[in-house]
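Let me begin by presenting the structure, written as C-alpha cells, before commenting on it.
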Amino acid sequence: DSGVTQTPKHLITATGQRVTLRCSPRSGDLSVYWYQQSLDQGLQFLIQYYNGEERAKGNILERFSAQQFPDLHSELNLSSLELGDSALYFCASSHKPRREETQYFGPGTRLLVL
Amino acid sequence: GQQLNQSPQSMFIQEGEDVSMNCTSSSIFNTWLWYKQDPGEGPVLLIALYKAGELTSNGRLTAQFGITRKDSFLNISASIPSDVGIYFCAGPWGGSEKLVFGKGTKLTVNP
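Order-wise, the sequence lines are chains A and B. This note's numbering numbers the first residue of the first sequence as 1 and each following residue consecutively. This note's numbering numbers the first residue of the second sequence as 1001 and each following residue consecutively.
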C-alpha cells in the first residue's frame, strides 16, 4: 500500500459524458501528479500540482482539467469523453517537487468509455 | 515527445533463471528509475539511480546507470514466481519532476 488513495476504482460511462477522478496523496506529501496509462501510449504524464498550484503540464487534452484543494487532495475532470479516453488513470504524490523525490503511485482508476 | 526505448517487450523464463532488460534514450538523463507494476496496481519504485556508472542493488535486483547517461539496465537474479509483472524504466524529463516512462517489459516466470 503506497498510501495514495484513488476513487473510484472503476468507472464506466458513455461518450460525451463528464467524470471526476479523485486522489488523496500520502500524508505529508504536497505534490500530486496525474498519469494516463493506455495500451498504445503507455504511461503518460498529464499534469502536476504542488501545494494547490499547477506546476507542470504534459500531454493533457483541453477537455481535461485538474485542481488541488487546500486539504491537498486532487481531482481530475474529464469532459466530452471519447472512446479513446478509456485508460487507467494514476495519481502519484511526493513530498516536494524535486527530481530526487520518489513518486508514490496510487492503485489507479480504470475508465471505460462506451 | 521524449521516449524511452525499453527492451525486450516481453520475456518468458523458468523459475531460477536470471533476467536482463534495458532502457535507452536519445537524450541524456540525470536520473534513472525502475518501477514494477503488478496487475491492477500502480507502479512501485524498485531502484533509483542518480550518477553515471552507478550500480545499485535491491535484494535480487541490480540496476546500472549507463556511463553515457543514455541507458540503464536492470537485472533480476534467480527469478521467482512473484517477479511476474511489468517492469518500467523512467526518468524525470525537461529539468522537471514529470516522469517519462518506457513501454515496459512484461515478465512471465514459469514455476
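Glycine included, every Cβ here is placed at the ideal spot set by N, Cα and C.
Amino acids of chain B, ordered along the chain, whose beta-carbon sits closer than 8 Å to that of residue i
i	result
residue 102 (chain A)	1045 and 1048
residue 2 (chain A)	1042 and 1044
residue 90 (chain A)	1042 and 1043
Neighbour flag for residue i against chain B, beta carbons, 9 Å
i	result
residue 99 (chain A)	yes
residue 64 (chain A)	no
residue 44 (chain A)	yes
residue 94 (chain A)	yes
residue 56 (chain A)	yes
residue 105 (chain A)	yes
Separation of residue j from residue i, as counted between CA atoms
i	j	result
residue 1012 (chain B)	residue 52 (chain A)	44 Å
residue 97 (chain A)	residue 31 (chain A)	6 Å
residue 26 (chain A)	residue 106 (chain A)	9 Å
residue 171 (chain A)	residue 45 (chain A)	Outside the displayed span of chain A (1 to 114) sits residue 171 (chain A), for which this structure offers no information.
residue 1010 (chain B)	residue 1083 (chain B)	13 Å
residue 1046 (chain B)	residue 33 (chain A)	19 Å
residue 1079 (chain B)	residue 1066 (chain B)	23 Å
residue 11 (chain A)	residue 1 (chain A)	21 Å
residue 101 (chain A)	residue 80 (chain A)	34 Å
residue 1102 (chain B)	residue 17 (chain A)	31 Å
residue 19 (chain A)	residue 54 (chain A)	20 Å
residue 49 (chain A)	residue 1071 (chain B)	29 Å
Assigned exposure category for residue i - 16 Cβ within 10 Å defines buried
i	result
residue 1097 (chain B)	buried
residue 90 (chain A)	buried
residue 1028 (chain B)	exposed
residue 1036 (chain B)	buried
residue 14 (chain A)	exposed
residue 69 (chain A)	exposed
residue 1007 (chain B)	exposed
Below-9 Å beta-carbon distance, residue i vs any chain C residue
i	result
residue 1111 (chain B)	Of the protein chains in this structure, namely A and B, none is chain C.
Proximal residues of chain B, C-beta to C-beta of residue i below 7 Å
i	result
residue 76 (chain A)	By Cβ distance, chain B contributes nothing, its closest Cβ being about 15 Å from residue 76 (chain A), past 7 Å.
Three-way DSSP call (helix, strand, coil) for residue i in this model
i	result
residue 1082 (chain B)	helix
residue 85 (chain A)	helix
residue 1068 (chain B)	coil
residue 55 (chain A)	strand
residue 101 (chain A)	coil
residue 1102 (chain B)	strand
residue 1015 (chain B)	coil
residue 1032 (chain B)	strand
residue 69 (chain A)	coil
CB contact below 9 Å: residue i versus chain A
i	result
residue 1022 (chain B)	no
residue 1016 (chain B)	no
residue 1035 (chain B)	yes
residue 1068 (chain B)	no
residue 1061 (chain B)	no
Residue i: contacting residues in chain A (beta-carbon distance under 7 Å)
i	result
residue 1084 (chain B)	The premise fails here: residue 1084 (chain B) is roughly 18 Å from chain A at the closest Cβ pair, so nothing lies under 7 Å.
Contact set between residue i and chain A, taken where Cβ atoms lie within less than 9 Å
i	result
residue 1104 (chain B)	42 and 43
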